[in-house]
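Student: Take a look at the following structure, please.
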Amino acid sequence: MSTQTQAEKPAAPILYTYDKATGEYKPEVASTSQWSPRENKWLIPACATTTEPPAAEDKKARCWNEKTQSWEQKPDHRGEKWYDKQTRELHEIKDLGVEPDESAWTQTEPKDLEAVWDEDKSAWVVPPEVQERRDVAAAESQAAALLDKQQRIQAAQTMTFSAPEFRLLAKAKYFDTWQPNTHYKQGKRLLWN
3 MSTQTQAEKP
13 AAPILYTYDK
23 ATGEYKPEVA
33 STSQWSPREN
43 KWLIPACATT
53 TEPPAAEDKK
63 ARCWNEKTQS
73 WEQKPDHRGE
83 KWYDKQTREL
93 HEIKDLGVEP
103 DESAWTQTEP
113 KDLEAVWDED
123 KSAWVVPPEV
133 QERRDVAAAE
143 SQAAALLDKQ
153 QRIQAAQTMT
163 FSAPEFRLLA
173 KAKYFDTWQP
183 NTHYKQGKRL
193 LWN
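Under our numbering, think of the first position of the sequence shown as 3, with each following residue one higher.
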């Protein structure tokens, strides 16, 4: 190759690489062009262009459109978690170009499996009838525990037990401790020494 041909060779172009499948701009991937003396030009490798991509926009990805041979901005919400306001179903966005349906989805995670979305409050709320059912269930559970304890105390006072069983009941504090100058019903079992 003569020095005159080398002098005519233009500087290597700046290349902008993009993903083959999505067209997404990949600034971290370097492409290099090669000079073709036969064609007297720089050869552009696949998945690269000399067209500079536009400035990045919030929640957008710069993608090369092969058909139009130009850059376009596609919605980029990858990694975002959205929840269906009706079903509480999780939608995790994994692909470029998916725009969340904010009228039907929210990014607020429902912490309660029976909560419903309240559009006025923009929050998940537990319906009053569900809360009432829960309050009744909690009261029933507490009442059952109280009655169970009272029945156990009553049983400890009236049933027949062996000496080791009495010691076990005493350790579990099923009997009151005897106090001087206190009136007790006849037959009441007490702890003493």
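Positions of the beta carbon are idealized from the N, C-alpha and C atoms, including for glycine.
Can you list the alpha helix (DSSP H) stretches of 4 or more residues lying completely in the stretch 148–176, in chain order?
Tutor: You should have 165–173.
Student: Do the CB positions of Lys11 and Thr19 come within less than 8 Å of each other?
Tutor: In this structure, Thr19 does not lie closer than 8 Å to Lys11 by Cβ.
Student: Among residues of its own chain, excluding the 5 on either side of Leu171, which ones have a beta-carbon nearer than 8 Å to its beta-carbon?
Tutor: These residues qualify, in order along the chain: Ala158, Phe163, Phe177.
Student: Between the alpha carbons of Leu193 and Leu148, how many angstroms are there, rounded?
Tutor: One C-alpha to the other measures close to 22 Å.
Student: How big is the Cα-Cα spacing for Arg94 and Pro77?
Tutor: Going by the sequence as given, residue 94 is Glu instead of Arg. Using only the alpha carbons, I get a separation of about 14 Å.
Student: What's the C-alpha gap between Ile46 and Glu54?
Tutor: Each residue's Cα considered, the two are about 14 Å apart.
Student: Where does Pro130 fall in DSSP's three states?
Tutor: It is helical.
Student: DSSP three-state call for Ser143: helix, strand or coil?
Tutor: Looking at Ser143 - three-state DSSP - the assignment turns out to be helix.
Student: Would you report the Cα separation of Trp126 and His79, rounded to the nearest angstrom?
Tutor: When rounded, the distance between both Cα atoms is 23 Å.
Student: For Arg80, which three-state DSSP category applies?
Tutor: Correct three-state label for Arg80: coil.
Student: From this set, Asp97, Gln88, Gly99, Asp122, which residue's C-alpha is nearest Glu1's C-alpha?
Tutor: Because the chain is modelled from 3 through 195, residue 1 falls outside the range shown and cannot be assessed.
Student: Lys62 to Glu134, Cα distance in whole Å?
Tutor: Each residue's Cα considered, the two are about 46 Å apart.
Student: Between the Cα of Lys190 and the Cα atoms of Pro166, Met161, Ala174, which residue gives the shortest distance?
Tutor: It is Met161.
Student: Can you tell which of Lys151, Gln188, Glu91, Arg154 has the C-alpha that lies nearest to the C-alpha of Asp114?
Tutor: Out of Lys151, Gln188, Glu91, Arg154, Glu91 has the C-alpha closest to the C-alpha of Asp114.
Student: Assign Arg136 to one of three DSSP states: helix, strand, or coil.
Tutor: Residue state, collapsed to three classes: helix.
Student: Does DSSP put Glu10 in a helix, a strand or coil?
Tutor: Three-state result, Glu10: helix.
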